[in-house]
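Heads up, this note's numbering is the position in the sequence shown plus 37, with the first residue counted as 1.
We put the beta carbon where it would ideally sit given N, CA and C, even for glycine.
On a predicted model such as this, the values are computed, not experimentally measured, just so you know.
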Amino acid sequence: RQIMAFTTYLTFNSEDLPLPVSYEMTVSDVESDSGGETEAGTMQRDIVRTGVVDISSSFQVSKAWLMKLSAYRNQASITVTYFNTETMEKETASMYIRSFKASLVSDTSKKGLWTVSLTLKEF
38 RQIMAFTTYL TFNSEDLPLP VSYEMTVSDV ESDSGGETEA GTMQRDIVRT
88 GVVDISSSFQ VSKAWLMKLS AYRNQASITV TYFNTETMEK ETASMYIRSF
138 KASLVSDTSK KGLWTVSLTL KEF
């Protein structure tokens, strides 16, 4: 009999996060201010860095996990191991939480079920 193994999509400072409800990875380039439209009307790109990763994800979590994720939000830097959707491999980068939203799904005797949405940005 086969055992299904779930992929861990995100790990913060060696702590595996719960399985996300949604997971989206965006890769972008960082351009310097010197790029843009030239006098001739053509576009010029001055790329400083390529392949900067942003990850948007949401989770349905307990009060305990809401508190853990809130604590990570307050950290200046997090070592994140993430599932790279381009390579289908796990990679590690230094990131920070750029946006964070918590919404109550349902009230329970254990202080609720919460949806937490966050966006990670690579340094």
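Considering just the uninterrupted stretch of the beta strand (DSSP E) at residue i, what are its terminal residues?
| i | result |
| --- | --- |
| R135 | E126 to S143 |
| S5 | Beyond the ends of the chain as shown, which are 38 and 160, falls residue 5; an answer cannot be given. |
| R82 | It is not in any beta strand (DSSP E) - R82 carries neither H nor E in the DSSP assignment. |
| S69 | From DSSP, S69 is part of no beta strand (DSSP E); its letter is neither H nor E. |
Look at residue i and residue j and say whether their C-beta atoms are less than 8 Å apart.
| i | j | result |
| --- | --- | --- |
| Y109 | L47 | no |
| S107 | S59 | no |
| V89 | D53 | no |
What residues in its chain sit with their C-beta under 7 Å from that of residue i, if we drop five residues either side in the sequence?
| i | result |
| --- | --- |
| E74 | M80 |
Nearest CA to the CA of residue i: which residue from the options?
| i | options | result |
| --- | --- | --- |
| M104 | M62, S140, V58 and T44 | S140 |
| V85 | V117, G72 and S51 | G72 |
| N50 | S154, T129 and S69 | T129 |
Assuming residue i contacts residue j (C-beta within less than 8 Å), just tell me the rounded distance between them.
| i | j | result |
| --- | --- | --- |
| S131 | S114 | 5 Å |
Between which two residues does the alpha helix (DSSP H) harbouring residue i extend?
| i | result |
| --- | --- |
| Y109 | K100 to R110 |
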